[in-house]
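Order-wise, the sequence lines are chains A and B. Note that the working numbering has the first sequence beginning at 1, numbered continuously upward. Note that the working numbering has the second sequence beginning at 1001, numbered continuously upward. The beta carbon of each residue, even a glycine, is placed where N, CA and C say it ideally should be. The structure displayed is predicted, hence computed values, not measured ones. To keep things clear, I will list the structure first and then write my remarks on it.
Number of protein chains: 2
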Amino acid sequence: MTQATEARREVLDVGPLQIIPDEHLARADGRALMLSIRELRLLTELARREDRIVTREDLFSLVWGREMRVRDRSVDVYVRKLRVKLEAALPGWSFIHTHFGLGYRLAAERRQAGNGRFTSH
Amino acid sequence: MTQATEARREVLDVGPLQIIPDEHLARADGRALMLSIRELRLLTELARREDRIVTREDLFSLVWGREMRVRDRSVDVYVRKLRVKLEAALPGWSFIHTHFGLGYRLAAERRQAGNGRFTSH
DNA sequence: GGACCTTTTTCACAACTCGTTCACAGGCTC
DNA sequence: GAGCCTGTGAACGAGTTGTGAAAAAGGTCC
């Protein structure tokens, strides 16, 4: 209705998350999330590479459109913002996983003791 | 298979384990494992020699890229770390087998009762 | 322009992970 | 049992990531 280019609307599903980049919208269990432009773009680029590790450098150039300067923490800060909003919208889930020294990976996982990194003993 | 883009994407399958070195990622039944860089590299080199005994010296030079000093226990320590994480991810399986005086061998085996190696508590 | 609000950027410090190395316990072979 | 080999837990320093908040940059309305 809005767009005449009905080629194909990209819809990214990651567990209970749904991202429709063309509409600048993300939904959690159907409920619209209030995300800023940068937040949504970061989430989108992560979702396009679901379950794969993406380096900060790649994320930065994908979202910001230029080369990341060394020691720039922008990606970390926006990952934090997204985590806070996603946790508020979908408590009990975790989506953005840190791979130390490598980057971030988006995948819907239920957060519970014994699930993640260290299930010692 | 469906990917024609990456000509040489190495994928190593060892039972329920899947290792994709180029993505710095290993999966257990499809679920991403949280491994450090060294852990993944050690697992990768073992997987490349699946079911064959690899000496500590060879493993060290493959993973660390230099000669192992005598009495260096790094390989043992990392074998331990891997075993813990693999056991957490895939209880009931055992992957890294010790060959006394020789080295380690990677092979997916279901851990059987009464084995003796892991005495039940 | 000026007040007011939201978003983005930057910074400082806290918290954590990793790789390394020890020390000691436990096992294996002779 | 002696002596070497392997398993295991822990400590340390360096470097990486998490986090709260201030500063800067836009945007909107009057």
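Residue burial classification, M1034(B) (beta-carbon count within 10 angstroms, cutoff 16): Label assigned to M1034(B): buried.
Do you know how far the Cα of L1040(B) is from the Cα of Y104(A)? Annotation: Y104(A) to L1040(B) spans about 16 Å, alpha carbon to alpha carbon.
Below 9 Å between beta carbons: does that hold for V1014(B) and L1106(B)? For V1014(B) and L1106(B), yes; Cβs fall inside 9 Å.
Simplified DSSP assignment, three categories, for L25(A): strand
N-terminal and C-terminal residue of the alpha helix (DSSP H) that L1043(B) is part of: Per DSSP, L1043(B) is one residue of the alpha helix (DSSP H) stretching across 1037-1048.
Within chain A, partners of S1036(B) - CB distance below 7 Å: F100
Using Cβ-Cβ distances below 8 Å, what residues of the segment 1020-1046 of chain B are close to chain A? E1023, H1024, L1025, A1032, M1034, S1036, I1037
Could you tell me how far apart the beta carbons of E1023(B) and R48(A) are, in whole angstroms, since I believe they sit closer than 8 Å? Rounded, the Cβ-Cβ distance is 15 Å, inconsistent with contact.
Pairs of beta-carbons, one from the segment 1054-1069 of chain B and one from the segment 1081-1094 of chain B, closer than 8 Å: are there three or more? Proximity of the segment 1054-1069 of chain B to the segment 1081-1094 of chain B falls short of the contact definition, fewer than three beta-carbon pairs being nearer than 8 Å.
So for R1066(B), helix, strand or coil by DSSP? coil
Would you say R69(A) faces chain B, with C-beta separation under 9 Å as the test? no
Between I1019(B) and A1026(B), which are expected to be in contact by the criterion C-beta below 8 Å, what is the C-beta distance as a whole number of angstroms? 5 Å
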